[in-house]
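A quick write-up on the structure given underneath.
Protein chains: 4
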Amino acid sequence: MSAKPPHDDVAARLTRSPFHAWLGLELTALGEEWLEIRMPWRDELVSRKQPVPLVHGGVLGALIDLAGLQAVYAQGGKPSGTAYMHVDYHRPATKPPFTVRARVLKLGRTLSTAEAFVYDAAGQLVASGRGGYPNSG
Amino acid sequence: MSAKPPHDDVAARLTRSPFHAWLGLELTALGEEWLEIRMPWRDELVSRKQPVPLVHGGVLGALIDLAGLQAVYAQGGKPSGTAYMHVDYHRPATKPPFTVRARVLKLGRTLSTAEAFVYDAAGQLVASGRGGYPNSG
Amino acid sequence: MSAKPPHDDVAARLTRSPFHAWLGLELTALGEEWLEIRMPWRDELVSRKQPVPLVHGGVLGALIDLAGLQAVYAQGGKPSGTAYMHVDYHRPATKPPFTVRARVLKLGRTLSTAEAFVYDAAGQLVASGRGGYPNSG
Amino acid sequence: MSAKPPHDDVAARLTRSPFHAWLGLELTALGEEWLEIRMPWRDELVSRKQPVPLVHGGVLGALIDLAGLQAVYAQGGKPSGTAYMHVDYHRPATKPPFTVRARVLKLGRTLSTAEAFVYDAAGQLVASGRGGYPNSG
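Take a look at the structure:
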């Protein structure tokens, strides 16, 4: 662990990933404990079109995974990747943009844990979960 | 539960989803117990480029989620979506194409459970996990 | 879903289970959103004695599982059991008594989700997790 | 990682834990890939008595957790504890004795992963899951 990186470092680390850039992710808030990332709509992310188009659960899982990792990084951790994640799906994700809020549960020497909550444009919780991130040492 | 659908129904259900179509997924095997889906490389799926490009963990999670759901469907279940998933990451996903193999653990009246294993082109296990799928009744 | 049950109903449901009674569980707080259950030390719960005795992770998992179910019940849900749970271990559980705090994430028609956090006597987070609980209809 | 320990070491490590001894656990098989542990009935483990007594889900979770750790140890790993676990519940656990079968999914340098399946006396799958175990170095 080291000092917390400045806002611009966290924002830059988020979008450096080609997948994150393709998703159109943006760091929208970085607080003492929580950070917030926004994801816009993309037609390619649709799971099924009927009766109303909804975002694929795998994409929401990716959001939870990556937001947790960014939260560890923002707290001064050195996450080298993801060891595991767990996702619960609560409601269909039909109303963009989506916002994921994440915070660290435990900043560990070898493994850190974070939780994340995905909300739709109406502020409804659509998915939530947690991940574990090994430190690169 | 009902009779197992024929191969072509399972293959068609898989690619009907815009996200699955964008990923380029293909049903490559459908056995008594296991089914197998192949995913090719796409540059947009890359998590980071250095030292060698690797597929984003969220995409591997999506593969596990969707393969489990297809396995429930292939056994005659009526999955309406995903309730939860858990994913373990074992190795960097650098060698395409990737193959996910899935099978049902329990075909339930209200909730079915499946597990899935993602392999790279060298046959190495890169990720694995499980999901729960509510029946639509 | 129905009206929230009174405090004494929640406390009585908790200790009706022989396993809960053997663990010596007690409902210590029941708020609008969170409930709190206390677990004392028992020598039979020890995972290993050296260098200092610590409670078995399986017991902490049981605490998370049951606290989440009680939280669903306390919100007016009708949990028939547990469908799945996920537990993260943060620190060795060496300082009794332990307190688990749980709250509902989503009260659903067919499945409810709750999260729970286990603290030791020093207020340190030792484990946390989440569970899914099917409604009995 | 090191050489696989002999059968008697694995059996002894299992029952050295006071909680395991109280549960009455016994190593019943140790194969190349899988190991098997048996758990008898105890009245204190009952979740609810009506309509028929069943073992508490938290106890089944503990079985999955500990069997996975033993599987890592049996393969030559050095598990220092459990980092996380995920459990799926498939059927009520009413028919003792119970048998848990576990195997390693990935023996890692810093984290190993294992999966485990719990069966009742009739051979029915009652619960299954997976855990992650950090290596002590």
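Protein sequences, first through last, are from chains A, B, C and D. Sequential numbering from 55 applies to the first sequence in our numbering. Sequential numbering from 55 applies to the second sequence in our numbering. Sequential numbering from 55 applies to the third sequence in our numbering. Sequential numbering from 55 applies to the fourth sequence in our numbering. All residues carry an ideal CB built from backbone N, CA and C; glycine is no exception.
Give the residues of chain A in contact with B/L99, contact being defined as C-beta atoms less than 7 Å apart.
-> F73
Cβ-Cβ distance between A/L179 and A/F171 below 8 Å = yes
Burial state of B/H61, where buried means 16 or more other Cβ atoms lie within 10 Å = exposed
D/G186 versus chain B: which residues are under 8 Å apart at the beta carbon?
-> D142
Give the residues from the region 151-180 of chain B that approach chain C closer than 7 Å (Cβ to any Cβ), ordered along the chain.
-> T164, L165
Short CB-CB distance (under 8 Å) between C/D119 and chain D = yes
Could you list which residues in chain B have their beta carbon closer than 7 Å to that of C/V137, in chain order?
-> Checking the sequence, you will find Ala at residue 137 of chain C rather than Val. Simply L165, G186.
What does B/W95 touch in chain A if you count any residue whose Cβ is under 8 Å from its own?
-> The contacting residues do not exist; B/W95 stays about 12 Å from chain A at best.
In angstroms with no decimal places, state the Cα-to-Cα distance between B/H110 and B/R145.
-> 12 Å
Would you tell me roughly how many angstroms separate the C-alpha atoms of C/I118 and C/R92, rounded to the nearest one?
-> 12 Å
Where D/L84 falls: helix, strand or coil (DSSP) = strand
Would you say C/S134 faces chain A, with C-beta separation under 8 Å as the test?
-> no
Count the other CB atoms, across all protein chains shown, that sit within 10 Å of the CB of B/E169; report buried if there are 16 or more and exposed otherwise.
-> buried
At a Cβ threshold of 8 Å, is A/R102 touching chain B?
-> yes
Going straight from the alpha carbon of B/A57 to that of B/Y127, what length do you get?
-> 10 Å
List the residues that DSSP assigns as beta-bridge partners of C/F152.
-> C/M93
Cβ neighbour criterion (16 or more within 10 Å) applied to A/R157 | buried
How would you call A/G115, buried or exposed, if buried means at least 16 neighbouring beta carbons within 10 angstroms?
-> buried
Give a yes or no on contact between the region 63-76 of chain A and the region 98-110 of chain B, applying the rule of three or more CB pairs nearer than 8 Å.
-> yes
Could you tell me how far apart the beta carbons of D/Y187 and D/G122 are, in whole angstroms, since I believe they sit closer than 8 Å?
-> 7 Å
Who are the neighbours of B/W76 on chain A, taking C-beta pairs under 7 Å?
-> E98
From D/A65, D/P59, D/Y138, pick the residue whose C-alpha is nearest to that of D/T82; which is it?
-> D/A65
Bridge-paired residues (DSSP) for B/V141 | A/M139, B/G183
Could you tell me which residues DSSP puts in a beta bridge with B/T167?
-> B/K160, B/G186
With 16 other CB atoms within 10 Å as the buried threshold, where does C/G162 fall?
-> buried
Which residues bound the alpha helix (DSSP H) around A/V106?
-> Taken as a continuous stretch (DSSP letters only), A/V106 belongs to no alpha helix (DSSP H), as it is neither H nor E.
Would DSSP call A/P133 helix, strand or coil?
-> strand
Chain A within 8 Å of C/S182, Cβ atoms only | yes
Does any CB atom of chain B fall closer than 8 Å to the CB of A/A116?
-> yes
What number of angstroms, rounded off, separates the C-alpha of A/P150 from the C-alpha of A/A175?
-> 5 Å
Since B/A176 is in the alpha helix (DSSP H), which residue starts that stretch and which ends it?
-> It is not in any alpha helix (DSSP H) - B/A176 carries neither H nor E in the DSSP assignment.
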